[in-house]
Amino acid sequence: MLCEKCGKNPATTHIHTVINGVSATKHLCQFCAANQNEKQTSLANMFSSMFSELLNTGAIAPTKTCDICGTSFSSIAKSGKAGCPSCYSVFFDELVPYIKRVHGSTVHMGKHPQTNAQPTTLVAVQNTKDKKIEELKQALKNHIEKEEYELAAKIRDEIRMLEQEEK
Amino acid sequence: MSSWYLQCDDDVIVSSRVRLARNIDGIAFPSRLSDDGFKSLCGLVKDAMPDNLGANVGKLNFIDMNLVPDTEKAAMVERHVISPAFCENSKNRGLILSNDESVSVMVGEEDHIRIQVIMSGSNIDECYKIADNIDDALSDKLKIAFDKRLGFLTECPTNLGIGMRASFMLHLPALQMSGQINKIADSVNKIGLTVRGIYGEGSQSKAALYQLSNQITLGISEQNAIDNLKSIAMQIVEKEKEARESISRIRLEDAVLRAKGTLMCCKILSSEEMMSLLSQIKLGISMGIIDLPKELPVRLMIEGQPNMLQKKYGNMTYDERDITRADFISKNINNEV
Ligand SMILES: [Zn+2]
Ligand SMILES: [Zn+2]
Numbered sequence: 001m002l003c004e005k006c007g008k009n010p011a012t013t014h015i016h017t018v019i020n021g022v023s024a025t026k027h028l029c030q031f032c033a034a035n036q037n038e039k040q041t042s043l044a045n046m047f048s049s050m051f052s053e054l055l056n057t058g059a060i061a062p063t064k065t066c067d068i069c070g071t072s073f074s075s076i077a078k079s080g081k082a083g084c085p086s087c088y089s090v091f092f093d094e095l096v097p098y099i100k101r102v103h104g105s106t107v108h109m110g111k112h113p114q115t116n117a118q119p120t121t122l123v124a125v126q127n128t129k130d131k132k133i134e135e136l137k138q139a140l141k142n143h144i145e146k147e148e149y150e151l152a153a154k155i156r157d158e159i160r161m162l163e164q165e166e167k
Numbered sequence: 001m002s003s004w005y006l007q008c009d010d011d012v013i014v015s016s017r018v019r020l021a022r023n024i025d026g027i028a029f030p031s032r033l034s035d036d037g038f039k040s041l042c043g044l045v046k047d048a049m050p051d052n053l054g055a056n057v058g059k060l061n062f063i064d065m066n067l068v069p070d071t072e073k074a075a076m077v078e079r080h081v082i083s084p085a086f087c088e089n090s091k092n093r094g095l096i097l098s099n100d101e102s103v104s105v106m107v108g109e110e111d112h113i114r115i116q117v118i119m120s121g122s123n124i125d126e127c128y129k130i131a132d133n134i135d136d137a138l139s140d141k142l143k144i145a146f147d148k149r150l151g152f153l154t155e156c157p158t159n160l161g162i163g164m165r166a167s168f169m170l171h172l173p174a175l176q177m178s179g180q181i182n183k184i185a186d187s188v189n190k191i192g193l194t195v196r197g198i199y200g201e202g203s204q205s206k207a208a209l210y211q212l213s214n215q216i217t218l219g220i221s222e223q224n225a226i227d228n229l230k231s232i233a234m235q236i237v238e239k240e241k242e243a244r245e246s247i248s249r250i251r252l253e254d255a256v257l258r259a260k261g262t263l264m265c266c267k268i269l270s271s272e273e274m275m276s277l278l279s280q281i282k283l284g285i286s287m288g289i290i291d292l293p294k295e296l297p298v299r300l301m302i303e304g305q306p307n308m309l310q311k312k313y314g315n316m317t318y319d320e321r322d323i324t325r326a327d328f329i330s331k332n333i334n335n336e337v
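So the protein lines, in turn, are chains A and B.
With this note's numbering, the residue at position 97 of the first sequence is 97, and numbering never jumps.
With this note's numbering, the residue at position 238 of the second sequence is 238, and numbering never jumps.
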């Protein structure tokens, strides 16, 4: 079989892709496989850089927070991490374009969990922000005492991020 | 069954691993959870976990990470039972472990629950089957965070969808030597997979061990992600075998026999040198240059790691460790010759 892109060299790379349920197989030679331009960089880096773009354009409504965990969208944008599972429904519209850019899709094609389990009613595991801030401040003190300034700076940023969120 | 690293006898595919990221509805993700929150989380998961997974896996034990000594924690990282991140942040965290350590469930890593199944050789389907069973058992008792559109909800949006990382650890000395490994890394990147060096990147990868794993988790099913991974792994294995045949035989014999000689006679051995020489030994066994048990090199790569040695021989300084390592490795090789 010849490469379906250049039609010159023998196809040595057979790429199966399934995106949004449509499966396709590409037969490429080694050169065309290497030159495929759907280049993807490291996903995690992509996420935080895309978010910071968004932050700079001021497109974020700063006041909305998640009922369960108290996270604001700017915290998600800064850290690249959601605060709790409910954040995904609270900030769905804001998050979807970025999720699409990372995965090329926003349609789950995999397993659906079978469950009748009830949600947990433990308050201790929901919004623990005040406690978390207390713990981080203690850790900050410890790091400063041990002259671990790099770690201390990281924790100071985390504390700031949490304190800036709406109460 | 015994630990994965004691039975790696495949020429190229060292091990197979599946990880599933799962979270519980109504609970803040780990980076926002307080110490008490982690304690409650561990309690919930411990109660939901079945005690026994039957024939293939057997009994599951819950381990309170507060009670695990630092050396043992670091040794767990070295034998790939837990992640380095989990080792560093282990306060009030929990670990559920099968006796042979093929199944480990980290509670309170980046997600509430990280299910891992690891096996020697090419066993990715079996790994997924077991991980899937554990996932079913947990979602029987816990309301797992899930959205019809976005799939399993995870702290980092890069894991949304199936929340699965399936991977092979591959031994690719010939592709590394010929410089083809970078080209392969580039091309698998374009189709939603990654290849990265496990003990250092590129030419720095002393052991020539690489992890091939899926990157895309949304818009693809578990089975398709695994099939993609397997088909690319098979192509890489073929390329590695071709590359091995094109190495000059006399140079290869020279390198392998020198590696064996050094390991048999050395008195001081750093872990970098050990990894690089054992990698040559593994290649030499595959190519029929030396006659040693096929599973020996990977076993020694893991057992010769710093904290694995300290676990066995007690705490040591760096220098003492390199001497102990030389003694341990040379005895093991001499025993087999
Ligand atoms: Zn071509
Ligand atoms: Zn939330």
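All C-beta atoms, glycine included, are put in the ideal place defined by N, C-alpha and C.
Backbone CA spacing between PRO97 (chain A) and ILE247 (chain B) [nearest angstrom]: Roughly 48 Å separates the two Cα atoms.
For ASN167 (chain B), the residue or residues it bridges with in DSSP: Looking at the sequence provided, one finds Ser at residue 167 (chain B) rather than Asn. Beta-bridge pairing links SER167 (chain B) to B:ARG17 and B:SER213.
CA nearest to the CA of PRO30 (chain B), picked from B:LYS239, B:CYS8 and B:CYS156: B:CYS156 is the residue among B:LYS239, B:CYS8 and B:CYS156 whose C-alpha sits nearest the C-alpha of PRO30 (chain B).
Classification of TYR318 (chain B) by the beta-carbon crowding that lies within 10 angstroms, buried from 16 upward: A residue is called buried when at least 16 other Cβ atoms come within 10 angstroms of its Cβ; TYR318 (chain B) does not meet this threshold and is exposed.
Quiz: which residues have CB nearer than 6 Å to ligand 2 non-hydrogen atoms: Those residues are A:CYS66, A:ILE68, A:CYS69, A:THR71, A:GLY83, A:CYS84, A:SER86 and A:CYS87, given in chain order.
CB contact check: GLU99 (chain B) to chain A, cutoff 9 Å: Rather than Glu, the amino acid found at residue 99 (chain B) in this sequence is Asn. No, ASN99 (chain B) lies away from the interface with chain A (no Cβ there is under 9 Å from its Cβ).
TYR210 (chain B) versus CYS87 (chain A) - alpha carbon distance: When only Cα atoms are considered, TYR210 (chain B) and CYS87 (chain A) end up about 35 Å apart.
Minimum C-alpha distance to ASP64 (chain B) - residue among B:ASP70, B:ARG93 and B:ASN89: Residue B:ARG93 is the option with its Cα nearest to ASP64 (chain B).
Cβ-based burial, ARG165 (chain B) [other Cβ within 10 Å; buried from 16]: By the 10 Å Cβ count, ARG165 (chain B) comes out buried.
6 Å Cβ shell around SER104 (chain B) - same chain, five flanking residues per side excluded: Excluding positions up to five away in sequence, the list reads VAL81, LEU97 and GLN116.
Beta-bridge partners of GLY197 (chain B), as assigned by DSSP: For GLY197 (chain B), the beta-bridge partners assigned by DSSP are B:TYR210.
Of the residues A:THR63, A:ILE99, A:CYS84 and A:GLU4, the one placed nearest ILE27 (chain B), counting alpha carbons only: Looking at the Cα atoms, A:CYS84 is the closest of the given residues.
TYR149 (chain A) versus ASN66 (chain B) - alpha carbon distance: Looking at the two C-alpha atoms, the distance is approximately 26 Å.
Within chain B, the residues that GLN118 (chain A) reaches when beta carbons sit closer than 7 Å: Under the 7 Å cutoff, chain B gives LYS143.
Candidates B:MET316, B:ILE302 and B:LYS311, of which the one nearest ILE329 (chain B) by Cα: The shortest C-alpha separation from ILE329 (chain B) is found at B:ILE302.
Environment of ARG244 (chain B) [buried if 16+ CB atoms lie within 10 Å]: ARG244 (chain B) counts as buried, since at least 16 other C-beta atoms from the protein chains shown sit within 10 angstroms of its C-beta.
DSSP bridge partner residues for LEU339 (chain B) (one or two, in chain order): One cannot answer for residue 339 (chain B) here, as it falls past the ends of chain B, which runs 1 to 337.
Rounded Cβ spacing between LEU263 (chain B) and LEU277 (chain B) (contact assumed at less than 8 Å): With 8 Å as the limit, LEU263 (chain B) and LEU277 (chain B) qualify as a contact, their Cβ atoms being about 5 Å apart.
Proximal chain A residues relative to GLY179 (chain B), where beta-carbon distance stays under 9 Å: For GLY179 (chain B), no chain A residue has a C-beta closer than 9 Å to its own C-beta; the minimum C-beta separation is roughly 13 Å.
Where LYS311 (chain B) falls: helix, strand or coil (DSSP): In the structure shown, LYS311 (chain B) sits in a helix (DSSP, three-state: H, G or I).
Sequence ranges, alpha helix (DSSP H) only - wholly within the region 243-267 of chain B, length at least 4: Given a length threshold of 4 residues, each whole run of the alpha helix (DSSP H) inside the region 243-267 of chain B is given here in chain order: 249-265.
6 Å CB neighbourhood of ILE333 (chain B) in its chain, flanking five on each side removed: Cβ within range, chain order: LEU263 and MET264.
Contacts of PHE29 (chain B) in chain A (Cβ-Cβ under 7 Å): Neighbours of PHE29 (chain B) on chain A, chain order: LYS81, ALA82, GLY83 and CYS84.
Cβ-based burial, ALA233 (chain B) [other Cβ within 10 Å; buried from 16]: In this structure ALA233 (chain B) is buried. Its beta-carbon is surrounded by 16 or more other beta-carbon atoms within 10 angstroms.
Identity of the residue in B:LEU95, B:TRP4, B:GLY54 and B:GLU240 nearest PHE38 (chain B) by Cα: Out of B:LEU95, B:TRP4, B:GLY54 and B:GLU240, B:LEU95 has the C-alpha closest to the C-alpha of PHE38 (chain B).
Per-residue burial, VAL337 (chain B) [other beta carbons within 10 Å of its own, 16 or more giving buried]: VAL337 (chain B) is classed as exposed because its beta carbon has fewer than 16 other beta carbons within 10 Å across all chains shown.
Whole-angstrom distance between ALA153 (chain A) and LYS148 (chain B), CA atom to CA atom: A straight-line Cα-Cα distance of about 39 Å links LYS148 (chain B) and ALA153 (chain A).
9 Å Cβ cut-off: residues of chain C touching GLU135 (chain A): The structure shown contains no chain C; the protein chains it does contain are A and B.
Spatial distance of GLN235 (chain B) from ILE290 (chain B) (CA atoms): Roughly 27 Å separates the two Cα atoms.
Cut-off 6 Å between Cβ atoms - residues of its own chain near MET76 (chain B), not counting five sequence neighbours on either side: Cβ neighbours of MET76 (chain B) beyond the five flanking positions: ILE82.
Residue-level contact to chain A via CB, LYS148 (chain B), 9 Å cutoff: Output row for LYS148 (chain B): interface = yes.
The region 6-25 of chain B in contact with the region 162-178 of chain B per 3-pair CB rule at 8 Å: Enough Cβ pairs lie closer than 8 Å, so yes.
Expected contact under 8 Å - CB spacing of ALA145 (chain B) and LEU153 (chain B) to nearest Å: With a contact defined as Cβ atoms closer than 8 Å, ALA145 (chain B) and LEU153 (chain B) qualify at about 4 Å.
Any non-hydrogen atom of ligand 3 within 8 Å of SER98 (chain B) CB: Ligand 3 is absent from the structure shown, which contains only ligand 1 and ligand 2.
SER79 (chain A) classed as buried or exposed, judged by whether at least 16 other C-beta atoms fall within 10 angstroms: Burial call: buried.
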